[in-house]
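Numbering (the UniProt record's numbering) for the sequence shown: 1 to 217.
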Amino acid sequence: MHCKIAIDGPAGSGKTTVARELAKRLGIEYLDTGAMYRIVGLYLHNCGVNPDSTEEIEKILNEVSIEYKDGEYYLNGKKIGDEIRTAQAGVYASQYGASPVVRKFLTKLQKEICANRSIVAEGRDIGTVVMPDAQVKIFLVASPEVRAKRRYEELKMKGLEVSYDELLRQIIERDKLDSSREIAPLVKAEDAIEIDSSNLSVEEVVEKILEIVKERC
Ligand code: C5P
Numbered sequence: 001m002h003c004k005i006a007i008d009g010p011a012g013s014g015k016t017t018v019a020r021e022l023a024k025r026l027g028i029e030y031l032d033t034g035a036m037y038r039i040v041g042l043y044l045h046n047c048g049v050n051p052d053s054t055e056e057i058e059k060i061l062n063e064v065s066i067e068y069k070d071g072e073y074y075l076n077g078k079k080i081g082d083e084i085r086t087a088q089a090g091v092y093a094s095q096y097g098a099s100p101v102v103r104k105f106l107t108k109l110q111k112e113i114c115a116n117r118s119i120v121a122e123g124r125d126i127g128t129v130v131m132p133d134a135q136v137k138i139f140l141v142a143s144p145e146v147r148a149k150r151r152y153e154e155l156k157m158k159g160l161e162v163s164y165d166e167l168l169r170q171i172i173e174r175d176k177l178d179s180s181r182e183i184a185p186l187v188k189a190e191d192a193i194e195i196d197s198s199n200l201s202v203e204e205v206v207e208k209i210l211e212i213v214k215e216r217c
């Protein structure tokens with residue numbers, strides 16, 4: 001049986017670090033669906049597409065191909081790098097990610113990637129939409145201040161110039177957008193287990209989840 005692990009939660013809750021580590025320890029695939037929303041968001045923005053125009057978005061998406069291969073993402077055959085990791089790309093991901101057309105396009109792709117394999121997938125709607133059949137569903141949370149601080153450290157390490165206050169503001173704004181949109185909002189799946197990582201190390205969160213995986217997979 002394939003072991004499917006869904007990790008959802010708001011920006012900066014530690015999903016990416018935890019999901020990556022889990023996949024490594026279990027020797028299974030890892031999918032970062034936020035990266036896919038960032039790729040599409042940034043691309044649509046660069047094409048000058050109005051986030052409210054279904055027609056314009058559809059036209060562009062018809063000519064776009066996104067691929068996932070060996071942990072790397074490709075847009076129209078071109079490998080994606082750190083350009084999608086800026087705070088601004090996160091905002092575009094949120095804005096365009098509220099479009100039903102974008103969600104349909106990416107959900108289909110994500111479901112295909114997750115089918116017939118063991119995988120840890122992380123995002124906002126994995127347990128509810130992409131892998132409702134996952135044996136393990138985790139809803140990872142942390143206070144906005146802790147999350148902003150983590151993002152601040154992460155971006156600083158990458159040499160990017162950022163302000164903590166601005167990051168906190170963006171996180172609160174993104175939470176609001178992600179939780180209030182009509183399609184696939186950020187909500188905890190009924191059968192998800194909530195873990196608050198505010199006062200836990202990555203190792204502690206990973207251990208907690210591995211215990212659950214042992215019982216269910
Ligand atoms: O996880 P990350 O911060 O990279 O995600 C960027 C944005 O992409 C989120 O704020 C959210 O708006 C969107 N997203 C989404 N559904 C997912 C993953 C990400 O709407 N499954």
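No residue lacks a Cβ here, since even glycine has one placed at the ideal position from N, Cα and C. These figures come from a predicted structure and were not determined experimentally.
For the ligand C5P, is there a heavy atom less than 8 angstroms away from the beta-carbon of GLU122?
For the purposes of this step, residue 122 is identified with residue 122 of the sequence shown, where counting begins at 1. True, at least one ligand heavy atom lies under 8 angstroms from that Cβ.
Hey, ILE57 and VAL49 are a contact pair by Cβ (cut 8 angstroms); roughly how many whole angstroms apart?
Position 57 of the sequence shown, counted from the start, is the residue given in the question as residue 57. Position 49 of the sequence shown, counted from the start, is the residue given in the question as residue 49. Their Cβ separation, rounded to whole angstroms, is 6 angstroms, which keeps ILE57 and VAL49 in contact under 8 angstroms.
Can you grab the Cα-Cα spacing for the pair LYS111 / LEU31, in whole Å?
Reading the sequence shown from its first residue, position 111 is the one you call residue 111. Reading the sequence shown from its first residue, position 31 is the one you call residue 31. Whole-angstrom Cα-Cα distance: 11 angstroms.
Is ILE171 near PRO10, with beta carbons less than 9 angstroms apart?
The residue you call residue 171 lines up with position 171 of the sequence shown. The residue you call residue 10 lines up with position 10 of the sequence shown. Cβ atoms of ILE171 and PRO10: closer than 9 angstroms.
Does the separation of the CB atoms of LYS15 and LEU140 fall below 9 angstroms?
To locate residue 15, count along the sequence shown from 1; it is residue 15. To locate residue 140, count along the sequence shown from 1; it is residue 140. Taking 9 angstroms as the Cβ cut-off, LYS15 and LEU140 qualify as a contacting pair.
So is SER94 buried or exposed if we call it buried at 16+ other beta carbons inside 10 Å?
To locate residue 94, count along the sequence shown from 1; it is residue 94. Under this definition SER94 is a buried residue.
Report yes if the C-beta distance between GLY34 and GLU173 is below 9 angstroms; otherwise report no.
Here residue 34 refers to the residue found at position 34 of the sequence shown. Here residue 173 refers to the residue found at position 173 of the sequence shown. Not closer than 9 angstroms, so no.
What do you reckon, is the C-beta of ARG103 under 8 angstroms from a heavy atom of the ligand C5P?
The residue labelled residue 103 in the question sits at position 103 within the sequence shown. Because some heavy atom of the ligand C5P lies under 8 angstroms away, the Cβ of ARG103 counts as near it: yes.
For SER118, which residues of its own chain have a beta-carbon under 6 angstroms away from its beta-carbon, when the five flanking residues on both sides are left out?
Here residue 118 is taken as the residue at index 118 of the sequence shown, counted from 1. So the qualifying residues of the chain are HIS2, CYS3, ILE28.
Using a threshold of 8 angstroms, is the CB atom of MET36 nearer than that to any non-hydrogen atom of the ligand C5P?
In the sequence shown, counting from the first residue as 1, residue 36 sits at position 36. Yes, Cβ of MET36 sits closer than 8 angstroms to a heavy atom of the ligand C5P.
Taking one C-beta from the region 198-215 and one from the region 153-160 each time, how about it: are there three or more such pairs within less than 8 angstroms?
no
Any chance the CB of SER94 is under 8 angstroms from a heavy atom of the ligand C5P?
Along the sequence shown, one-based indexing puts residue 94 at 94. Answer for SER94: yes, Cβ within range of the ligand C5P.
For a quick check, are the C-beta atoms of VAL120 and SER197 less than 9 angstroms apart?
The count along the sequence shown starts at 1 and reaches residue 120 at position 120. The count along the sequence shown starts at 1 and reaches residue 197 at position 197. Taking 9 angstroms as the Cβ cut-off, VAL120 and SER197 do not qualify as a contacting pair.
CB of ILE5 to nearest heavy atom of the ligand HEM: below 8 angstroms?
Looking for the ligand HEM in the displayed structure turns up nothing; the ligands present are the ligand C5P.
Assuming VAL136 and ILE195 form a contact by the criterion Cβ under 8 angstroms, report the distance between their Cβ atoms to the nearest whole angstrom.
Numbered from its first residue, the sequence shown carries residue 136 at position 136. Numbered from its first residue, the sequence shown carries residue 195 at position 195. With 8 angstroms as the limit, VAL136 and ILE195 do not qualify as a contact, their Cβ atoms being about 11 angstroms apart.
Whole angstroms are fine: how far does the CA of GLU55 sit from the CA of VAL202?
For the purposes of this step, residue 202 is taken as the residue at position 202 of the sequence shown. For the purposes of this step, residue 55 is taken as the residue at position 55 of the sequence shown. Their backbone Cα atoms lie some 42 angstroms apart in a straight line.
May I ask you to list the residues that DSSP assigns as paired with VAL136?
As a first step, residue 136 is located in the sequence shown; it is residue number 136 there, counting from the start. The partner list for VAL136 (beta bridge, DSSP) reads ILE5.
Does DSSP put GLU58 in a helix, in a strand, or in coil?
For the purposes of this step, residue 58 is taken as residue 58 along the sequence shown, with counting starting at 1. In this structure, GLU58 counts as helix in the three-state DSSP scheme.
So does LYS108 have its beta carbon nearer than 8 angstroms to some heavy atom of the ligand C5P?
Position 108 of the sequence shown, counting from 1, holds the residue named residue 108. False, no ligand heavy atom lies under 8 angstroms from that Cβ.
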